[in-house]
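Student:
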Amino acid sequence: MLEARLPQAKLLKSLLEAIKELVVECNFDCNDSGIAVQAMDSSHVALVALLLRADGFDPYRCDRNLPLGINLTSLNKILKCAGNEDILTIKASDDGDVLNLVFESKDSDRISEYELKLMDIDSEHLGIPDTQYDAVVSMSSGEFQRICRDLSQISDSIVIDVTKEGIKFSASGEVGNGSVTLKQSGSVDREDEATTIELQQAVSLTFSLKYFQYFTKATPLSSRVVLSMSNDVPILVEYKLDNLGYVRYYLAPKIGD
Amino acid sequence: PPPQRSITSFFK
Chain U
292 MLEARLPQAK
302 LLKSLLEAIK
312 ELVVECNFDC
322 NDSGIAVQAM
332 DSSHVALVAL
342 LLRADGFDPY
352 RCDRNLPLGI
362 NLTSLNKILK
372 CAGNEDILTI
382 KASDDGDVLN
392 LVFESKDSDR
402 ISEYELKLMD
412 IDSEHLGIPD
422 TQYDAVVSMS
432 SGEFQRICRD
442 LSQISDSIVI
452 DVTKEGIKFS
462 ASGEVGNGSV
472 TLKQSGSVDR
482 EDEATTIELQ
492 QAVSLTFSLK
502 YFQYFTKATP
512 LSSRVVLSMS
522 NDVPILVEYK
532 LDNLGYVRYY
542 LAPKIGD
Chain B
81 PPPQRSITSF
91 FK
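What follows is the structure in structure tokens.
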């Protein structure tokens, strides 16, 4: 059986916001080390990998591998019934076909209980190779969100060029073109806004902006985002969750023949 | 723009 408690329902609500536009239904794979999700979008261009480590919950109990097949639209409906500050407990039995969700107000004077019907989902699990990326850029997640929003005014595609000087995002479309360059920050007072670049080799990649805009739904989860890139392979866009795990998105590049 | 690749052509 599974029993996992989070001090704030807001976290699960935000996680759902971060994936529900990419994925309609997926398995939440629970085991004694935590809860993991791996799912592709319907066009098989992007992949989401989510990890919530057991030690981020208090308490956490799961004594065997338990795949919980969840329709995210349905889960979203139930999570709308939770207050952001409610204590959230999820429970599932080994042979059950429902997920129990309990929302408890902080002073425990209101307890609401919901059951979400589970489904059998036959999902293929992809092997993600361990990659040494040529460029790893850590930057403000809010800045990344703004750049994606701004450049989507210009084009459906975005070109990312990373050199040791900085990272340049550019777009070119019918109205004209535009670009935003972030220089690697030297000594900055505000760590959250710094841009840092680890570069083995310059990279230049083209991506669909639509997917980046889905990924930036994770912005409330972390003040930082890490973009890991090598030429001609999928970009890894990672939001780390404090003391809990991560949301990772992989997006296949656009490549000419 | 160049054609969009599938993620499954990179991850098996």
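Chains as they are written, first to last, in the working numbering: chain U, 292 to 548; chain B, 81 to 92.
Note that CB positions come from ideal geometry on N, CA and C, so glycine has one too.
Nothing here was measured: the structure is a model prediction, and the numbers come from that model.
Contact criterion: CB-CB distance below 8 Å. Does S461/U meet it with respect to chain B?
Tutor: By 1-based counting over the first sequence, the position of residue 461/U is 170. S461/U does not count as touching chain B.
Student: Which residue or residues does DSSP assign as beta-bridge partners of E529/U?
Tutor: Taking the first sequence and counting its residues from 1, one reaches residue 529/U at position 238. E529/U is bridged to V517/U, R539/U.
Student: Name, please, each residue of chain B whose Cβ falls closer than 8 Å to the Cβ of K545/U.
Tutor: Indexing the first sequence from 1 puts residue 545/U at position 254. In chain order: P81, P82, P83, Q84, R85.
Student: Between the alpha carbons of E529/U and A330/U, how many angstroms are there, rounded?
Tutor: Position 238 of the first sequence, counted from the start, is the residue given in the question as residue 529/U. Position 39 of the first sequence, counted from the start, is the residue given in the question as residue 330/U. One C-alpha to the other measures close to 15 Å.
Student: Contact criterion: CB-CB distance below 8 Å. Does A337/U meet it with respect to chain B?
Tutor: Taking the first sequence and counting its residues from 1, one reaches residue 337/U at position 46. Yes, A337/U lies at the interface with chain B (some Cβ there is under 8 Å from its Cβ).
Student: Please name the residue or residues paired with L302/U in a DSSP beta bridge.
Tutor: Within the first sequence, residue 302/U is the residue found at index 11, counting from 1. L302/U is not bridged to any residue.
Student: For G467/U, which of L303/U, I445/U, I369/U has the nearest alpha-carbon?
Tutor: As a working mapping, residue 467/U is identified with position 176 in the first sequence. Among L303/U, I445/U, I369/U, the Cα nearest to that of G467/U is on I445/U.
Student: Between K508/U, T472/U, D447/U, which has its C-alpha nearest S463/U's C-alpha?
Tutor: Locating residue 463/U in the first sequence gives position 172, counting from the first residue. The candidate whose alpha carbon is nearest that of S463/U is D447/U.
Student: Kindly indicate the opening and closing residues of the beta strand (DSSP E) around I445/U.
Tutor: Numbered from its first residue, the first sequence carries residue 445/U at position 154. First-last for I445/U: undefined, no H or E at that position.
Student: Starting from the Cα of N356/U, find the closest Cα among L363/U, A327/U, G347/U and give me that residue.
Tutor: Indexing the first sequence from 1 puts residue 356/U at position 65. Taking only the C-alpha atoms, the option nearest N356/U is A327/U.
Student: Do S429/U and V517/U come within 8 Å of each other at the CB atom, strictly closer than that value?
Tutor: Position 226 of the first sequence, counted from the first residue, corresponds to residue 517/U. Position 138 of the first sequence, counted from the first residue, corresponds to residue 429/U. Going by C-beta atoms, V517/U is nearer than 8 Å to S429/U.
Student: Is the separation between the beta-carbon of Y502/U and that of V339/U shorter than 8 Å?
Tutor: On the first sequence, position 211 is the one that residue 502/U refers to. On the first sequence, position 48 is the one that residue 339/U refers to. Not closer than 8 Å, so no.
Student: What is the rounded straight-line gap between the Cα of K459/U and the Cα of S305/U?
Tutor: If you number the first sequence from 1, residue 459/U lands on position 168. If you number the first sequence from 1, residue 305/U lands on position 14. K459/U and S305/U: Cα-Cα distance of roughly 29 Å.
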